[in-house]
Amino acid sequence: AWKLWKDEKPLELLNPALRNDYSRNEVTKCIQLGLLCVQEDPADRPTMATIVLKLNRHSAKLPMPKQPAFVFDSRTDGRMPDKGLESDQSTTQSMPSSINEVSITELYPR
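1 is the number of the first residue of the sequence shown in UniProt numbering; add one for each residue after it.
Below is the structure:
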């Protein structure tokens, strides 16, 4: 989403099944709000009250989003590497869930 926004092509995020049955301005506003919600500095993120207000106004002026804290490299497409299936979770090693090693969350495959 960030790369398409930065390249000024946010509408490429849309499912082609929508065809032209959407408002370009509304979709762009929703994408912009979504990117604002994942800003690295929590102080830069809008509150839920602000989001609701902006969604309900037609001419709401929004700040431009900065690069989010997590941006997946296009080489990995945001997917975790395949490790194979393990039948016993107690013997399974956990994998970091962040490619850039910023996250502390770990996944435990079933």
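Just so you know, even glycine gets a beta-carbon here, dropped at the ideal spot from N, CA and C.
Once the 5 residues before and after proline 68 are set aside, which same chain residues still bring their CB inside 7 angstroms of it? To locate residue 68, count along the sequence shown from 1; it is residue 68. So the list reads Trp2, Leu35, Val38, Gln39 and Glu40, once near-sequence residues are dropped.
Subject >> Alpha carbon of threonine 28 to alpha carbon of threonine 50, nearest angstrom >> reply: Indexing the sequence shown from 1 puts residue 28 at position 28. Indexing the sequence shown from 1 puts residue 50 at position 50. Going by the C-alpha atoms only, they are around 17 angstroms apart.
Coil, strand or helix - glutamine 39 by DSSP:
As a first step, residue 39 is located in the sequence shown; it is residue number 39 there, counting from the start. Glutamine 39 falls in the strand class under three-state DSSP.
- Item | 8 angstroms CB neighbourhood of lysine 54 in its chain, flanking five on each side removed | Counted from its first residue, the sequence shown places residue 54 at position 54. The answer, listed in chain order, is Lys29, Leu33, Pro46, Ala60 and Leu62.
*Can you say whether proline 10 is buried or exposed, counting buried as having 16 or more other CB atoms within 10 angstroms of its CB?*
As a position in the sequence shown, residue 10 is number 10, starting the count at 1. The residue in question, proline 10, is buried, as its Cβ has 16 or more Cβ neighbours within 10 Å.
- Would the beta-carbon of glutamate 12 fall within 8 angstroms of that of leucine 18? Translated into the one-based positions of the sequence shown, residue 12 becomes position 12. Translated into the one-based positions of the sequence shown, residue 18 becomes position 18. Their beta carbons are not under 8 angstroms apart, which means glutamate 12 does not touch leucine 18 by this criterion.
>> Using the three-state DSSP reduction, which class does proline 68 fall into: helix, strand or coil?
In response: As a position in the sequence shown, residue 68 is number 68, starting the count at 1. Strand.
| Which same chain residues, not among the five before or five after aspartate 44, have their C-beta less than 6 angstroms away from its C-beta? | Walking along the sequence shown from the start, residue 44 turns up at place 44. Around aspartate 44: no qualifying Cβ.
Kindly list the residues whose CB is nearer than 6 angstroms to the CB of glutamate 26, restricted to its own chain and excluding five residues on each side of it in sequence; keep chain order. The sequence position of residue 26 within the sequence shown is 26, counting from 1. Excluding sequence neighbours, glutamate 26 sits near nothing in its chain.
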